[in-house]
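Here's the structure we're looking at; comments come further down.
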Amino acid sequence: MGLFGIGDGKVDLQVANLNVASGQTLSGTATLTLNNDVKGKQVIATLYAERTEITEKRMENGMHNPVRRNIQIYKKTQVLDTEKVYAKAGSPYQYKFSFVIPQTGTYA
13 MGLFGIGDGK
23 VDLQVANLNV
33 ASGQTLSGTA
43 TLTLNNDVKG
53 KQVIATLYAE
63 RTEITEKRME
73 NGMHNPVRRN
83 IQIYKKTQVL
93 DTEKVYAKAG
103 SPYQYKFSFV
113 IPQTGTYA
């Protein structure tokens, strides 16, 4: 959700609807609340999807154990704010985001 030093702040996400299908829009608000001033490169939102595949089975201790690997199938990033000093006095910062869910079979 973010990269901060311990105690610098937090990010809260509010999503309008988590039950979205291919072609529909996932939208919401990210609220950045700071406890200290933070020099940041940018604020981004990323929609990321992966699937897990069983690639083979290995014999261990007399049992066939599946070998799983995660494969990225989609990644879309939106820049919500640019490099600056994010001041505690200006917090909370609110950012709207919106992603169209890709059609089934769409890959990164």
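Counting the sequence shown from 1 gives a position; our numbering is that position plus 12. Cβ atoms here follow ideal geometry from the backbone N, Cα and C, with glycine treated the same way.
>> If contact is defined by three or more beta carbon pairs under 8 Å, each pair taking one atom from either stretch, is the stretch 39-46 in contact with the stretch 18-31?
In response: Because the criterion of three Cβ pairs below 8 Å is met, the stretch 18-31 and the stretch 39-46 touch.
> Can you tell which of Leu30, Asn29, Asp49 and Leu38 has the C-alpha that lies nearest to the C-alpha of Gly102?
Replying inline: The residue with the shortest Cα to Cα distance from Gly102 is Asp49.
>> Could you check whether Ala61 and Phe109 sit closer than 8 Å to each other, using their CB atoms as the reference points?
In response: Judged by beta-carbon spacing, Ala61 lies beyond the 8 Å limit of Phe109, meaning their Cβ atoms are not closer than that value.
> If you draw a straight line from the alpha carbon of Gly52 to that of Asn73, how long is it in whole angstroms?
Replying inline: Their backbone Cα atoms lie some 49 Å apart in a straight line.
> Along the chain, where does the beta strand (DSSP E) that runs through Thr94 open and close?
Replying inline: From DSSP, Thr94 is part of no beta strand (DSSP E); its letter is neither H nor E.
> What are the boundary residues of the beta strand (DSSP E) that includes Ser39?
Replying inline: For Ser39, the uninterrupted beta strand (DSSP E) run begins and ends at Thr37 to Leu46, by DSSP.
>> With H, G and I counted as helix, E and B as strand and the rest as coil, what does DSSP make of Val23?
In response: The three-state secondary structure of Val23, taken from DSSP, is strand.
> Using the beta-carbon count (16 or more within 10 Å), is Val55 buried or exposed?
Replying inline: Val55 comes out buried.
>> I need the straight-line Cα distance from Gly35 to Phe111, nearest angstrom please.
In response: If I take the Cα positions, the gap works out to 10 Å.
> Between the Cα of Pro114 and the Cα atoms of Ile83, Thr67 and Val32, which residue gives the shortest distance?
Replying inline: Of the listed residues, the one whose Cα sits closest to Pro114 is Val32.
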